[in-house]
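Trainee: In this note's numbering, each residue's number is its place in the sequence shown (first place is 1) plus 1.
First the structure, then my questions, so here it is.
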Amino acid sequence: MKITVIGTGYVGLVSGACFSEFGFEVTCIDKDKKKIDALNKGNPLIYEPGLESLVKKNMKTGRLKFQNSFTDNIKKSQIILIAVGTPTQRNGHANLEHVFDAAKQVAPLLSGYTVVVNKSTVPVGTAKRVFSILKKNQRNADFDVASNPEFLREGSAIEDFMRPNRVVIGVDSLKAKRIMKELYRPLFLIETPIIFTSPQTAELIKYASNAFLATKITFINQIADLCEKSGADVHDVAKSMGLDKRIGDKFLHPGPGFGGSCFPKDNLELAATARALGSPIGLIEEVISFNKSRKKKMARKIILACGNNVKGKKIAILGLTFKPNTDDMRDSPSLDIIPALQKAGAKIQAYDPEGMDQAKGYLRGIKWCNNPYEALDGAEALVFLTEWNQFRALDLKRIKKTLKKPTIIDLRNIYVPEQMKKMGFKYISIGREAV
Ligand code: UGA
2 MKITVIGTGY VGLVSGACFS EFGFEVTCID KDKKKIDALN KGNPLIYEPG LESLVKKNMK
62 TGRLKFQNSF TDNIKKSQII LIAVGTPTQR NGHANLEHVF DAAKQVAPLL SGYTVVVNKS
122 TVPVGTAKRV FSILKKNQRN ADFDVASNPE FLREGSAIED FMRPNRVVIG VDSLKAKRIM
182 KELYRPLFLI ETPIIFTSPQ TAELIKYASN AFLATKITFI NQIADLCEKS GADVHDVAKS
242 MGLDKRIGDK FLHPGPGFGG SCFPKDNLEL AATARALGSP IGLIEEVISF NKSRKKKMAR
302 KIILACGNNV KGKKIAILGL TFKPNTDDMR DSPSLDIIPA LQKAGAKIQA YDPEGMDQAK
362 GYLRGIKWCN NPYEALDGAE ALVFLTEWNQ FRALDLKRIK KTLKKPTIID LRNIYVPEQM
422 KKMGFKYISI GREAV
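Laid out in structure tokens, this is it:
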């Protein structure tokens with residue numbers, strides 16, 4: 002079976018590479034020539050564990066190809082996946098311009114029966130709109146539109162794609178269902194639950210899932226705040242809650258607030274759609290506003306730990322990306338926290354294992370360091386913003402010696418408070434001691 006994937010962002014590229022690994026012939030299209038040129042040299046341009054080798058391996062077999070334009074070879078595809086970006090607009094709604102543009106471009110090239118699949122995260126009702134655009138741009142085309150949202154996480158995208166908790170497919174026709182079943186046959190074999198539903202339901206499943214996960218994080222962040230007021234330990238609370246199978250232990254790790262290219266954007270879209278349809282979701286509105294204010298609150302926490310004054314003080318920041326194992330800086334908490342510290346007069350010295358090239362496009366006035374210890378040089382405090390594995394076993398004696406004052410603000414709870422205190426650090430973390 003031949004597949005065309007439109008868009009080579011995280012979702013498009015990972016899907017394309019993984020489907021070619023399943024044995025399908027995949028052509029990925031992106032209008033960004035720089036991206037396609039790099040991909041044709043086997044370089045995905047994004048840091049995602051395992052992706053580069055998977056791309057190279059499948060290019061070598063000839064099953065994975067990249068091209069910069071819509072050409073006649075698309076006519077041979079039985080499946081066309083739209084996996085383009087849907088960024089947030091000012092009003093909170095996702096901008097669907099790229100999705101609709103992809104549909105317009107692909108419509109004249111539909112030939113024989115084709116399933117056009119929305120893999121981009123798109124609001125409920127989008128499959129219908131894509132159907133109309135395709136019909137308008139090629140009256141006699143024989144096609145169906147399916148919704149097949151993606152649930153992979155950056156940093157573990159390939160594993161998530163190859164071994165998903167579930168696959169959701171929204172289709173209205175039996176013919177499309179048969180073809181989509183064939184596409185996911187390798188996952189049927191490992192007994193992955195595959196949910197067939199309507200396109201509208203599939204679209205909403207994606208938003209409801211992301212909103213629920215963001216709510217879980219927000220909930221534990223609010224409990225962490227309460228722990229700080231009451232002297233309780235949020236880790237013990239989360240662990241014990243998580244042992245109740247009805248709650249589950251995942252996504253109960255407190256931190257500086259969620260970031261990334263999905264949760265912030267998708268919550269805004271869900272809230273905007275719910276309002277527009279006259280069924281507002283107050284819970285999600287609260288999640289959005291709490292998460293936004295949390296990042297500012299984290300900056301205040303750091304300033305307070307530095308004697309309520311950071312003017313002219315050097316502060317070491319370890320971790321810039323919104324989570325480990327990615328170089329993605331989109332909506333990272335660091336993008337709110339660092340400028341707030343700079344506004345208060347702090348001089349920032351930062352290090353991130355993979356995110357610094359990206360970070361340079363977002364942050365100014367930073368001393369970029371080559372390793373964690375260089376960032377500590379002459380600093381009044383060390384702040385952990387991302388829990389990269391390499392920060393979990395740093396040389397604490399060396400840290401104490403290098404810092405001007407032994408203050409650590411750990412916004413990811415990487416270290417154990419008792420041990421840090423024993424070593425003579427002023428150690429501030431999230432929800433583990435009364436403040
Ligand atoms: C998220 C979802 O987890 C994926 O299922 C979904 O496919 C994806 O969005 C998407 O819509 O494309 P991702 O944005 O890669 O994936 O990252 P997550 O691992 O979900 O983390 C998001 C944010 O929440 C990060 O800033 C992370 O630090 C934070 N987080 C996560 C916490 O603060 N606590 C937790 O317990 C878990």
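All C-beta atoms in this analysis are idealised placements derived from N, C-alpha and C, irrespective of residue type, glycine included.
Secondary structure at L383, three-state DSSP: helix, strand or coil?
Mentor: Along the sequence shown, one-based indexing puts residue 383 at 382. In this structure, L383 counts as strand in the three-state DSSP scheme.
Trainee: Distance check for M330 and D358, CA to CA, integer angstroms please.
Mentor: Within the sequence shown, residue 358 is the residue found at index 357, counting from 1. Within the sequence shown, residue 330 is the residue found at index 329, counting from 1. When rounded, the distance between both Cα atoms is 10 angstroms.
Trainee: Taking 6 angstroms as the cut-off, is the C-beta of L14 nearer than that to any heavy atom in ligand 1?
Mentor: Counted from its first residue, the sequence shown places residue 14 at position 13. No; taking the cut-off as 6 angstroms, the Cβ of L14 has no heavy atom of ligand 1 nearer than that.
Trainee: With 7 angstroms as the threshold, decide whether the Cβ of N268 is near any Cβ in chain B.
Mentor: The structure shown contains no chain B; it holds only a single protein chain.
Trainee: For N41, does the three-state DSSP call read helix, strand or coil?
Mentor: Indexing the sequence shown from 1 puts residue 41 at position 40. Residue state, collapsed to three classes: helix.
Trainee: First and last residue of the beta strand (DSSP E) that includes L82?
Mentor: Here residue 82 corresponds to residue number 81 of the sequence shown, with the count starting at 1. Taken as a continuous stretch (DSSP letters only), the beta strand (DSSP E) holding L82 covers 80-83.
Trainee: If contacts are defined as beta-carbon pairs under 8 angstroms, then K120 and A95 qualify, I think. What distance do you get, rounded to the angstrom?
Mentor: Here residue 120 corresponds to residue number 119 of the sequence shown, with the count starting at 1. Here residue 95 corresponds to residue number 94 of the sequence shown, with the count starting at 1. K120 to A95, Cβ: 14 angstroms. No contact.
Trainee: Closest by CA to A1, which one among N326, R130, K217, G320?
Mentor: Absent from the structure is residue 1, since the part of the chain shown begins at 2 and ends at 436.
Trainee: Would the beta-carbon of K324 be found less than 6 angstroms away from any heavy atom of ligand 1?
Mentor: By 1-based counting over the sequence shown, the position of residue 324 is 323. Because some heavy atom of ligand 1 lies under 6 angstroms away, the Cβ of K324 counts as near it: yes.
Trainee: For the pair the segment 401-408 and the segment 369-381, tell me if three or more CB-CB distances fall below 8 angstroms.
Mentor: Yes: at least three Cβ pairs fall under 8 angstroms.
Trainee: Indicate the three-state DSSP secondary structure (helix, strand or coil) for E183 in the structure shown.
Mentor: Residue mapping note: residue 183 aligns to position 182 of the sequence shown, counting from 1. Correct three-state label for E183: helix.
Trainee: Is it buried or exposed, A394, if we count other Cβ atoms within 10 angstroms and call 16 or more buried?
Mentor: Here residue 394 is taken as the residue at index 393 of the sequence shown, counted from 1. Classification for A394: exposed.
Trainee: Who does W389 pair with in a DSSP beta bridge?
Mentor: Taking the sequence shown and counting its residues from 1, one reaches residue 389 at position 388. Per DSSP, none; premise fails for W389.
Trainee: Quick check on DSSP: helix, strand or coil for L111?
Mentor: Here residue 111 corresponds to residue number 110 of the sequence shown, with the count starting at 1. In this structure, L111 counts as coil in the three-state DSSP scheme.
Trainee: Which residue or residues does DSSP assign as beta-bridge partners of V118?
Mentor: Counted from its first residue, the sequence shown places residue 118 at position 117. L82, A147, per the DSSP bridge assignment.
Trainee: Closest by CA to I47, which one among K368, N268, N326, E229?
Mentor: Within the sequence shown, the letter at position 46 stands for residue 47. With distances taken between Cα atoms, I47 lies closest to N326.
Trainee: Report yes if the C-beta distance between A225 and I431 is below 7 angstroms; otherwise report no.
Mentor: Residue mapping note: residue 225 aligns to position 224 of the sequence shown, counting from 1. Residue mapping note: residue 431 aligns to position 430 of the sequence shown, counting from 1. Cβ distance < 7 angstroms, so A225 and I431 count as in contact.
Trainee: What does the alpha-carbon distance come out to for the pair I410 and M424?
Mentor: Here residue 410 refers to the residue found at position 409 of the sequence shown. Here residue 424 refers to the residue found at position 423 of the sequence shown. Each residue's alpha carbon lies about 15 angstroms from the other.
Trainee: Assuming P200 and R167 form a contact by the criterion Cβ under 8 angstroms, report the distance between their Cβ atoms to the nearest whole angstrom.
Mentor: Working through the sequence shown from its first residue, we reach residue 200 at position 199. Working through the sequence shown from its first residue, we reach residue 167 at position 166. The pair is not a contact, with the Cβ atoms about 17 angstroms apart (cut-off 8 angstroms).
Trainee: May I ask you to report which of helix, strand or coil DSSP gives Y374?
Mentor: Within the sequence shown, the letter at position 373 stands for residue 374. The answer is helix: DSSP assigns Y374 an H, G or I state.
Trainee: Should D143 go down as buried or exposed, given a rule of 16 or more other Cβ atoms within 10 Å for buried?
Mentor: The count along the sequence shown starts at 1 and reaches residue 143 at position 142. D143 should be labelled exposed.
Trainee: Taking the DSSP output, what are the residues bridged to K437?
Mentor: Only positions 2 to 436 of the chain appear in this structure, which leaves residue 437 out of reach.
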